[in-house]
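Residue numbers (this note's numbering): 811 to 1187.
Glycine residues also receive a C-beta, built at the ideal position from the N, C-alpha and C atoms.
If you want it as structure tokens, here you go:
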């Protein structure tokens, strides 16, 4: 059973799907691992490291994909690569399945079994495979580091002979995985942190990190069965913005993390709210790739409005590609171990299994994921 790992082709992507330690684990289970030449270089792993781990190296993509059982990627495959994927093989990567109907249909027609890493269930058993969480965790850290670098102030309180410096005020909007890590990182840097989330159930987690939880009554809210915040109505968003405006105006840094899975990110900060903030303040819009939480933010740019810096840089985990690759590789290895039948030395897609049922999108020429089927109707 051959596991193939092509080079990532998305501009600016430095993460790699499989590190040498992961390749070694898979080969010890009996899988044949082959990488495309130079696949690991962006994260600091040369071909020799993979060879030492028991993998082999292919010099071109057609050779790599020939006869493969599983293809591992981070990003979705280019349409041009799909004819090279063998029918009956398994392709595993982030797919953005709700917004990539054409790609999903091409994979279905090619009779490729596709697993979307976004669709891994948020259950205790699947936790070690949850790549969305592992990458969001790092993104939350990077967001605060970017904010600290862009700020004209230091984060911690300092008492010096020249006077006392008050700690920076950081406001984190959204207390999911990314938001909690942003809170923790800002606290480690010495900032005074407040946080808000529509889900009151996260209040205890916010407080456990040393931050203040901001309570805003916007009516009935909650979370999905997978732990994601439910989308707010326009009326609720308006009430939320009005209540948050004062917090933003008093903050030196605002980090927005609000995203709704498979949909455009909600607009949290309006231009008027940005205008009320102090000149020199910093906003990091972590949802910029899915439409942005901040009016005026632009993907992969830092813009200045009313003296406020709005950072809209995409793919934050790639900025710490060594650890992001390590965590994603571990997620993939855990998933392959789950699918691997050691006695038969082959991969088995058991559609009665809750993990497979949740993340398998296409199989044997059919769309098999109920959630995606409903979305595509």
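Classified as exposed, residue 1114 has fewer than 16 neighbouring CB atoms from the shown chains inside 10 Å of its CB. Shown here for residue 1089: same chain residues with a beta carbon closer than 6 Å to its own, the five before and five after excluded, namely 1117 in chain order. Here the C-alpha atom of residue 1124 lies approximately 18 Å from the C-alpha atom of residue 1138.
In this structure, the alpha-carbon of residue 1181 lies about 14 Å from that of residue 905. A distance of 8 Å or more separates the beta carbons of residue 861 and residue 1134. For residue 1082, the enclosing alpha helix (DSSP H) stretches over residues 1081-1085. Within the DSSP bridge table, the entry for residue 878 names no partner. In summary, residue 967 is exposed, with fewer than 16 beta-carbon neighbours lying within 10 Å of its beta-carbon over all protein chains present. Three or more pairs of CB atoms, one per stretch, sit closer than 8 Å, so the region 903-917 contacts the region 1171-1179. The region 942-1000 contains, as complete beta strand (DSSP E) runs of 3+ residues, the segments 968-970, 973-975 and 979-983 (chain order). Taken through DSSP and simplified to helix, strand or coil, residue 938 comes out as helix. About 6 Å separates the CB atoms of residue 1165 and residue 931; that is less than 8 Å, so the two are in contact. Cβ-Cβ distances below 7 Å link residue 912 to nothing in the same chain once the five nearest sequence neighbours on each side are left out. Rounded to the nearest whole angstrom, the CA to CA distance from residue 1053 to residue 994 is 24 Å. Between the region 955-966 and the region 1153-1169, the count of C-beta pairs closer than 8 Å stays below three; the two stretches do not touch.
Of the candidates 985, 866, 921 and 1082, the residue whose Cα lies closest to the Cα of residue 847 is 866. A Cβ-Cβ distance of about 4 Å is found for the pair residue 863 and residue 830, placing them in contact under the 8 Å criterion. Looking at the DSSP output, residue 1162 bridges to nothing. Distance between residue 946 and residue 1105, taken at the CA atoms: about 22 Å. In the three-state DSSP reduction, residue 866 falls in the strand class (E or B). Between residue 1062 and residue 1091, the C-beta gap is smaller than 8 Å, which places the two residues in contact. Around residue 1041, the same chain offers 1070 as residues with beta carbons nearer than 6 Å, after the five sequence neighbours per side are excluded. Distances from the alpha-carbon of residue 1002 to those of 979, 983 and 926 put 979 closest. In summary, residue 858 is exposed, with fewer than 16 beta-carbon neighbours lying within 10 Å of its beta-carbon over all protein chains present.
Annotated three-state conformation of residue 1116 is coil, per DSSP. Residue 929 is not bridged by DSSP to any residue. The beta carbon of residue 1145 lies closer than 6 Å to those of 939 in the same chain, with the five residues before and after it left out. The secondary-structure analysis by DSSP pairs residue 846 across a beta bridge with 868.
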